[in-house]
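To start, the structure itself, in structure tokens.
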Amino acid sequence: MNLSDMAMPWWEFVLRAIAVYVALLVMVRLAGKRTVGQFTTFDMILLILLGNAVQNSLIGEDVSLLGGLILAATLIGLNYGVGWLTANNRWAQSLVEGTAVKVAENGRVDYRRLRKESVSPADFEEAIRRAGLDSQADIASAWIETNGSITIIKAGHS
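In numbering that gives the first Met the number 0, the protein residues as written are 0 to 157.
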């Protein structure tokens, strides 16, 4: 096989890449907020397996160099386009990245919301300590940011 002999037309690579990118974006978005720094071993394994799982959806039976380059260019272009769109459009940013979620107010923690955002109580307690607080009673408010980080505002400060 010649390096440029593709098993399908170029536009099919583009359509496959768009479909897989959008599907994974939706699935990851629905999975909750978690930063890369909070990835566990299980998250890393999932990421590797996701790459393998979608490989055939992207490439089909094609093993050509040109097909792989078309896919890579499409995925990079999609990623750039989504980044540009979310930086320039609030509605798109909210759709793709979500919005910050209040998880504590006046010393009361909403553990249901923490669970919904895939943040463990232990991770939240660590954030309390990193904020220099002794207990949740010292919290004026706390937020899970769109990137998964936890922002804690100390009681008595605005």
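Glycine included, each C-beta is placed from N, C-alpha and C at the ideal position. Quantities reported herein were computed from a predicted structural model and do not represent experimental measurements.
Helix, strand or coil at residue i [DSSP, three-state]
i      : result
GLU60  : coil
THR39  : coil
THR150 : strand
SER3   : coil
LEU46  : helix
LEU74  : helix
GLY131 : coil
GLY155 : coil
Sheet register partners of residue i (DSSP bridge)
i      : result
VAL108 : ALA103
Local Cβ density within 10 Å of residue i, reported as buried at 16 or more and exposed below that
i      : result
ALA126 : buried
TYR79  : exposed
PHE12  : buried
PHE123 : buried
ILE75  : exposed
VAL118 : buried
ILE44  : exposed
ALA141 : buried
GLY50  : exposed
GLY147 : buried
LEU113 : buried
GLY131 : exposed
Bounding residues of the beta strand (DSSP E) (the contiguous stretch that carries residue i)
i      : result
ALA141 : 138–143
Distance between beta carbons of residue j and residue i, contact taken as under 8 Å
i      : j      : result
GLY106 : ILE138 : 6 Å
ALA72  : GLU144 : Actually they are not in contact, since the Cβ atoms of ALA72 and GLU144 sit about 32 Å apart, beyond 8 Å.
ASP61  : ALA6   : 4 Å
LEU70  : ILE58  : 7 Å
VAL102 : VAL81  : Actually they do not touch by this definition, with Cβ atoms about 27 Å apart.
LEU2   : SER63  : 6 Å
Test: residue i CB closer than 7 Å to a CB of chain C
i      : result
SER119 : Protein chain content of the structure displayed is limited to a single chain, and chain C is not contained in it.
Start and end residues, alpha helix (DSSP H) containing residue i
i      : result
VAL118 : Neither: VAL118 is in no alpha helix (DSSP H) and is coded neither H nor E.
ALA22  : 9–29
SER93  : 89–96
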